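133 is the number that our numbering gives the last residue of the sequence shown; the numbers go up by one with no jumps. We put the CB at the ideal spot given by N, CA and C, even for glycine. Small disclaimer: the values here were computed from a predicted structure and weren't measured. To start, the structure under review is shown below, and the notes come after it.
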Amino acid sequence: MATQRSLVAYMFNLITVRIEGKEYQVEDREYSGAELKKIGGIMPSTDLVLEEADGSERSIRDEERIRPKHG
């Protein structure tokens with residue numbers, strides 16, 4: 063049986079992303095680096111870093127647009 067949370071995620075096409083170790087449910091779409099900082103409560107002056115599948119990291123500029131993946 064599906065939970066209410068999973069039904070909401072399905073209805074609105076939400077994914078779960080992790081920012082600074084905390085999970086957030088967001089709409090599955092492109093976000094700017096600045097938007098992701100705001101969602102995660104990160105100070106504007108702080109760098110946002112994307113961890114790649116191979117474990118490497120890269121910095122995301124505020125104006126750069128990315129589409130987060132689940133997890």
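{"Query": "Expected contact under 8 Å - CB spacing of residue 102 and residue 124 to nearest Å", "Result": "Not quite, the Cβ-Cβ distance comes to about 13 Å (not below 8 Å), so this is no contact."}
{"Query": "Inter-residue Cα distance where the pair is residue 85 and residue 77", "Result": "10 Å"}
{"Query": "Cβ neighbour criterion (16 or more within 10 Å) applied to residue 99", "Result": "buried"}
{"Query": "For residue 84, the three-state DSSP class (helix, strand or coil)", "Result": "strand"}
{"Query": "Which residues DSSP lists as bridging residue 119, in chain order", "Result": "113"}
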